[in-house]
Amino acid sequence: MRHFASDDADSYAVGTVDVARWEQFGLDGTLPFQAMWYTVPPDSSSPRDQHPEVELSVVVGGTAHVETGGRVREVAQGDCFLLESREAHVIHNRSGEPLRVFTTYWMPLDGADETAAADEGAAAAEGAPL
Ligand code: NI
């Protein structure tokens, strides 16, 4: 068993968002997905993000307001949200406490999203998912 402590993880800023990627744990070849924690400060939002990877997130602290397709939906602590491949998203924190999220992401498994495969190079240029 390995214990991954979010408080001890190395992190860096993406806009106002603090990001701790799981690449630092050396799990390449072990997990079939990438993972990270991120924290959105109170009254702040993540940069707009769009990437070929599917993204599954768990709200571990605070409340997320997830904006996709012109809609904003509330996701409570303990709940999860799934972003489809290429689905543009902004994560808002409208509360007075930090919003903490654990996220996993991976390329679509069904191979149906040929756009995703074609965009892999472009995604690399855009940077890693957030
Ligand atoms: Ni993302």
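Just so you know, we're using our numbering here: the sequence shown kicks off at 21 and counts up by one.
All C-beta atoms, glycine included, are put in the ideal place defined by N, C-alpha and C.
Neighbourhood of residue i by C-beta, 6 angstroms cutoff - its chain only, sequence neighbours within 5 removed
{"i": "residue 80", "result": "120 and 122"}
{"i": "residue 36", "result": "61 and 64"}
{"i": "residue 92", "result": "85"}
{"i": "residue 101", "result": "77, 86 and 95"}
Same chain, Cβ closer than 7 angstroms to residue i, neighbours up to 5 away in sequence not counted
{"i": "residue 32", "result": "39"}
{"i": "residue 125", "result": "53, 54, 73, 74, 75 and 149"}
{"i": "residue 82", "result": "97, 113, 115, 117, 118, 119 and 120"}
{"i": "residue 56", "result": "39, 40, 41, 42 and 123"}
{"i": "residue 87", "result": "109, 110 and 112"}
Alpha carbon of residue i to alpha carbon of residue j, nearest angstrom
{"i": "residue 94", "j": "residue 28", "result": "29 angstroms"}
{"i": "residue 46", "j": "residue 67", "result": "27 angstroms"}
{"i": "residue 104", "j": "residue 21", "result": "31 angstroms"}
{"i": "residue 58", "j": "residue 69", "result": "14 angstroms"}
Could you pull out every unbroken alpha helix (DSSP H) segment of at least 4 residues lying fully inside the segment 27-78, listed in chain order?
none
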